[in-house]
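Reading through the structure tokens given below for one structure.
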Amino acid sequence: MADTSDANTAPFNERTLELEEVGPDTYLSVDLWRPKGNRGVFGGQVIGQALSAAAKTVGSPFRCNSIHCYFLAAGNNTEMIAYEVRRIRQGASYCSRLVVAKQSGRVIFIATVSFQRPEPSVLSHQYAMPEVPSPESLASREALILRGDAEGDESKASEISSLPVETRPVPQKDLGGLPVNAIWLRARGDMSQLGHCHHQSMLAYASDFALISTTLRPFRMDSPEAKHRLSMLVSLDHTIWFHEPFRADDWLLYVMESPRTAGGRGLAFGRIYSRDGVLVASTAQEGVTRGVDLGSDHKTLEFVHRITAREAGDKPKL
Numbered sequence: 001m002a003d004t005s006d007a008n009t010a011p012f013n014e015r016t017l018e019l020e021e022v023g024p025d026t027y028l029s030v031d032l033w034r035p036k037g038n039r040g041v042f043g044g045q046v047i048g049q050a051l052s053a054a055a056k057t058v059g060s061p062f063r064c065n066s067i068h069c070y071f072l073a074a075g076n077n078t079e080m081i082a083y084e085v086r087r088i089r090q091g092a093s094y095c096s097r098l099v100v101a102k103q104s105g106r107v108i109f110i111a112t113v114s115f116q117r118p119e120p121s122v123l124s125h126q127y128a129m130p131e132v133p134s135p136e137s138l139a140s141r142e143a144l145i146l147r148g149d150a151e152g153d154e155s156k157a158s159e160i161s162s163l164p165v166e167t168r169p170v171p172q173k174d175l176g177g178l179p180v181n182a183i184w185l186r187a188r189g190d191m192s193q194l195g196h197c198h199h200q201s202m203l204a205y206a207s208d209f210a211l212i213s214t215t216l217r218p219f220r221m222d223s224p225e226a227k228h229r230l231s232m233l234v235s236l237d238h239t240i241w242f243h244e245p246f247r248a249d250d251w252l253l254y255v256m257e258s259p260r261t262a263g264g265r266g267l268a269f270g271r272i273y274s275r276d277g278v279l280v281a282s283t284a285q286e287g288v289t290r291g292v293d294l295g296s297d298h299k300t301l302e303f304v305h306r307i308t309a310r311e312a313g314d315k316p317k318l
């Protein structure tokens, strides 16, 4: 399979986020992707579609400032998802929507979405963007798979190359086992004619890539010396805060870290920067993280990883 990621000429896949209006404030998906080996459809697509549905009930100039999601049951890709939007509040500066996603009448996902009328602010600060290699100097994930530098096979590489978002993993320095991760990402194709809400929905879709898996980085399960095998990794919730306007079809740096994995749950936080270093969005996600201890007869194991101050230093750096 040829690597065409540099050209970024693949047409923008509008069906990923496309919705059909089927009733008052009710919308139906037209496309669902279930990744190879997953229990259900890709959670990022459900988040992006839910945000798109909520935005259809909000007028200009309001823009989404946050979305808080809960995954209640795995969705399947044999039946489209219905998104019911409830208009909770309409204020002068903010408005709120509740989105309920259903399949066969069963609620599988809910989200609360807040929209803000843009306003100037004399108060502004942000975490600085870490220094990492440029996306042009890095290989796409599918290219890494094809040349044997990443886990997967040719069918997995083909599946990834068909997605509407391209990712380029940032190589990790010796972090002493710290749960830190980073990728560059951008939507394939030209989104210049699409409104800001569509850019937000596409970033919501992409924000589910690699975030919860960051909780597993301390356990090095891809290493021959791995002591654990993953038995379940499922998202429970997902939150995004949008800070500044951005282009989803421009390169964005997604920096992720996990402060804790315990009790069968893992927690991860993310920061998304534009190419010029502006923090445009922040994310948080918790998921079910279960594994098998390969060194014992126990079938399940609660992952516990304590990083001392000496191991962690003052701050994890890429």
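Going by full-length UniProt numbering, the first residue of the sequence shown is number 1, and it counts up by one from there. We treat Cβ as the ideally placed atom computed from N, Cα and C, and that holds for glycine.
Exercise for the section: Please find out if some non-hydrogen atom of the ligand ADP comes closer than 8 Å to the beta-carbon of T261. Expected result: The ligand ADP is not among the ligands present in this structure, which contains no ligands whatsoever.
Exercise for the section: Check whether the region 197 to 209 touches the region 38 to 47, taking contact to mean three or more Cβ pairs, one atom from each stretch, closer than 8 Å. Expected result: Flag = yes, the region 197 to 209 and the region 38 to 47 touch.
Exercise for the section: With DSSP collapsed to three states, give me the class of D232. Expected result: Position 232 of the sequence shown, counting from 1, holds the residue named residue 232. Looking at the sequence itself, residue 232 is Met, so the reference to Asp does not match. Under the three-state reduction of DSSP output, M232 falls in the strand class.
Practice task
State yes or no: is the C-beta of L216 within less than 9 Å of the C-beta of P171?
Solution key: Here residue 216 refers to the residue found at position 216 when the sequence shown is read from its first residue. Here residue 171 refers to the residue found at position 171 when the sequence shown is read from its first residue. No, Cβ-Cβ distance for L216 and P171 is not below 9 Å.
Exercise for the section: Please confirm if the region 141 to 149 is in contact with the region 104 to 120, defined as three or more CB-CB distances below 8 Å between the two stretches. Expected result: The region 141 to 149 vs the region 104 to 120: no contact.
Problem - F242 beta carbon less than 9 Å from that of V63 - result: Taking the first residue of the sequence shown as position 1, residue 63 is located at position 63. Taking the first residue of the sequence shown as position 1, residue 242 is located at position 242. Checking the sequence shown, residue 63 turns out to be Arg, not Val. Contact: yes.
Exercise for the section: Give the DSSP-derived three-state secondary structure of I88 in the structure shown. Expected result: Locating residue 88 in the sequence shown gives position 88, counting from the first residue. It is a strand residue.
Exercise for the section: Taking all protein chains shown into account, decide if I88 is buried (16 or more other Cβ within 10 angstroms of its Cβ) or exposed. Expected result: The count along the sequence shown starts at 1 and reaches residue 88 at position 88. Flag for I88 reads exposed.
Exercise for the section: Locate the beta strand (DSSP E) running through E21, then write down its first and last residues. Expected result: Residue mapping note: residue 21 aligns to position 21 of the sequence shown, counting from 1. L19 to G23 is the extent of the beta strand (DSSP E) around E21.
Problem - Beta-carbon proximity list for D31, same chain, < 7 Å, skipping 5 on both sides - result: Position 31 of the sequence shown holds residue 31. If we look at D31 and ignore the five residues flanking it on each side, its Cβ neighbours are R15, T16 and E18.
Practice task
Starting from the Cα of residue 332, find the closest Cα among T26, G23 and N38 and give me that residue.
Solution key: Look at the range of the chain in this structure, 1 to 318, and you will see that residue 332 is not part of it.
Practice task
Reducing DSSP to helix, strand and coil, say where S274 ends up.
Solution key: As a first step, residue 274 is located in the sequence shown; it is residue number 274 there, counting from the start. S274: strand per DSSP, three-state reduction.
Exercise for the section: Determine, using beta-carbon pairs with one atom in the region 90 to 100 and one in the region 248 to 256, whether at least three such pairs fall under 8 Å. Expected result: When Cβ pairs closer than 8 Å are counted between the two stretches, the region 90 to 100 is seen not to touch the region 248 to 256, the count staying below three.
Handout entry: Option nearest G270 by Cα separation, candidates P218, G189 and P179
Key = As a position in the sequence shown, residue 270 is number 270, starting the count at 1. Nearest option by C-alpha distance: P179.
Practice task
Could you give the DSSP three-state label for K102: helix, strand or coil?
Solution key: Stepping through the sequence shown from its first residue, residue 102 is reached at position 102. Of the three classes helix, strand and coil, the one that applies to K102 here is strand, per DSSP.
Problem - Buried versus exposed, by CB contacts within 10 Å (16 or more), A309 - result: Here residue 309 is taken as the residue at index 309 of the sequence shown, counted from 1. With a pLDDT of 36 at A309, under the threshold of 50, the predicted position of this residue should be treated as unreliable, and no value is reported.
Handout entry: Same chain, Cβ closer than 6 Å to R34, five either side skipped, listed in chain order
Key = The count along the sequence shown starts at 1 and reaches residue 34 at position 34. Answer for R34: V41 and N77, listed in chain order.
Exercise for the section: Indicate whether I240 and I67 have their beta-carbon atoms separated by less than 9 Å. Expected result: Taking the sequence shown and counting its residues from 1, one reaches residue 240 at position 240. Taking the sequence shown and counting its residues from 1, one reaches residue 67 at position 67. Yes.
Practice task
Measure the C-alpha to C-alpha separation of P130 and M80 and round it to an integer number of angstroms.
Solution key: Counting from 1 along the sequence shown, the entry for residue 130 is found at position 130. Counting from 1 along the sequence shown, the entry for residue 80 is found at position 80. C-alpha of P130 to C-alpha of M80: approximately 40 Å in a straight line.
Exercise for the section: Go ahead and label E166 buried or exposed: buried means 16 or more other beta carbons lie within 10 angstroms of its beta carbon, across all protein chains shown. Expected result: For the purposes of this step, residue 166 is identified with residue 166 of the sequence shown, where counting begins at 1. Answer is buried; the Cβ neighbour count reaches 16.
Handout entry: Cα-Cα separation between L98 and S60, rounded to whole angstroms
Key = Within the sequence shown, the letter at position 98 stands for residue 98. Within the sequence shown, the letter at position 60 stands for residue 60. C-alpha separation (whole angstroms): 18 Å.
Exercise for the section: Enumerate, from N- to C-terminal direction, the unbroken beta strand (DSSP E) stretches of 3 or more residues contained entirely within the region 43 to 83. Expected result: Within the region 43 to 83, the complete beta strand (DSSP E) runs of at least 3 residues are 63 to 71.
Practice task
Specify, as a first and last residue, the run of the alpha helix (DSSP H) that Y205 falls within.
Solution key: If you number the sequence shown from 1, residue 205 lands on position 205. Run containing Y205: H196 to A206, per the alpha helix (DSSP H) assignment.
Problem - E151, enclosing beta strand (DSSP E) - first and last residue - result: Numbered from its first residue, the sequence shown carries residue 151 at position 151. Careful: E151 lies outside any beta strand (DSSP E) and carries neither H nor E.
Problem - Delimiting residues of the beta strand (DSSP E) encompassing P171 - result: Locating residue 171 in the sequence shown gives position 171, where the first residue counts as 1. Element bounds for P171: n/a, residue is neither H nor E.
Exercise for the section: Identify the continuous beta strand (DSSP E) that holds R260 and give its terminal residues. Expected result: As a working mapping, residue 260 is identified with position 260 in the sequence shown. Per DSSP, the unbroken beta strand (DSSP E) holding R260 starts and ends at L252 to A262.
Problem - Supposed contact pair Q116 and L279 - C-beta distance, whole angstroms, cut 8 Å - result: Position 279 of the sequence shown holds residue 279. Position 116 of the sequence shown holds residue 116. At roughly 17 Å, the Cβ-Cβ gap does not stay under 8 Å, so L279 and Q116 are not in contact.
Problem - Under 9 Å between C-beta atoms of H198 and F71 - result: Translated into the one-based positions of the sequence shown, residue 198 becomes position 198. Translated into the one-based positions of the sequence shown, residue 71 becomes position 71. The Cβ atoms of H198 and F71 lie no closer than 9 Å to each other.
Problem - Cβ-Cβ distance between D25 and V122 below 9 Å - result: In the sequence shown, residue 25 corresponds to position 25, counting from 1. In the sequence shown, residue 122 corresponds to position 122, counting from 1. The criterion of a C-beta distance shorter than 9 Å is not satisfied by D25 and V122.
Exercise for the section: From the DSSP output, in three-state form, read off R97 for me. Expected result: To locate residue 97, count along the sequence shown from 1; it is residue 97. Note: R97 maps to strand in three-state DSSP.
Practice task
For T214, I'd like the list of residues in its chain whose CB is within less than 6 Å of its CB, leaving aside the five on either flank, ordered along the chain.
Solution key: Locating residue 214 in the sequence shown gives position 214, counting from the first residue. Once the five neighbours on either side are set aside, the close Cβ partners of T214 are P179, N181, M256, S258 and A268.
Handout entry: S155 versus S162 - alpha carbon distance
Key = Here residue 155 corresponds to residue number 155 of the sequence shown, with the count starting at 1. Here residue 162 corresponds to residue number 162 of the sequence shown, with the count starting at 1. Straight-line Cα distance between these residues: approximately 11 Å.
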